[in-house]
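First residue of the sequence shown: 2, per our numbering; consecutive thereafter.
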Amino acid sequence: MTAHDAPPLQQLTASSLYIEYILDYALSRGCDLTGALIELGVTEEQLNDPAARIPLTVEQALLERGIAGTGDPLFGLHMGEQIRPRFMGSLGYASMSSARLRDAITLMLPYQRVTTEFGTTHAAEQADRYVIHWEDAP
Numbered sequence: 002m003t004a005h006d007a008p009p010l011q012q013l014t015a016s017s018l019y020i021e022y023i024l025d026y027a028l029s030r031g032c033d034l035t036g037a038l039i040e041l042g043v044t045e046e047q048l049n050d051p052a053a054r055i056p057l058t059v060e061q062a063l064l065e066r067g068i069a070g071t072g073d074p075l076f077g078l079h080m081g082e083q084i085r086p087r088f089m090g091s092l093g094y095a096s097m098s099s100a101r102l103r104d105a106i107t108l109m110l111p112y113q114r115v116t117t118e119f120g121t122t123h124a125a126e127q128a129d130r131y132v133i134h135w136e137d138a139p
C-alpha cells in the first residue's frame, strides 16, 4: 500500500484491548482518562468486546491526554515498557512464549494490525543483523 492509496487516519482503528491498556497505564500513573473516554464516545460495551475496533483518532486523543495528565512526554514509550500479554490478546501470550525476541517479532508481524493500524513494521535479516523498520500511517 502506498501513501496515495492508504486510508485516511480517521478510518484507521485500534483494538479495544489496546485502548484498555492506555487507560490502565494512565491510571497507574495517576491519570484517570475515564472522562475523556466518555467524551470521545467510547462505550463500556466496546471496551468489553475484545473484537471491537476503536477509531485511531480516539487512541491518539487518549495518548495526548495521557501525556498531559501525567506530565510525561515519553508516556507512550514508558507505556510500552510495561505492557502485559493480556493487552495484546492471544497474540501477546503466544509471543511471550517465544524463545527469542526475533521469534516473537516474526510471530507478531503478520498480525500487527490486530492491535493498531497506526503503522507497519517490517523485519528482515541483513548479514549479521535482524533489522526492524517501522513506518507510520500516512
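Virtual Cβ for every residue (Gly too), placed ideally from N, Cα, C.
Put simply, of Ser17, Pro51, Tyr112 and Pro111 the residue whose alpha carbon is nearest the alpha carbon of Leu38 is Ser17. Inter-segment contact for the segment 20-36 and the segment 90-98 is absent: fewer than three beta-carbon pairs are separated by less than 8 Å. Annotation: Ala15 to Gln47 spans about 12 Å, alpha carbon to alpha carbon.
Ranking Thr122, Arg114, Arg130 and Phe119 by CA distance to the CA of Ala52 puts Arg114 first. Setting aside the 5 residues that flank it on each side, Ser99 is surrounded in the same chain by Ala105 and Leu108, each with a C-beta closer than 7 Å to its C-beta; the list follows chain order.
Residue ranges of uninterrupted alpha helix (DSSP H) with 4 or more members, entirely inside the segment 96-126 and ordered along the chain, are 102-109. Judged by DSSP in its simplified three-state form, Thr14 adopts strand.
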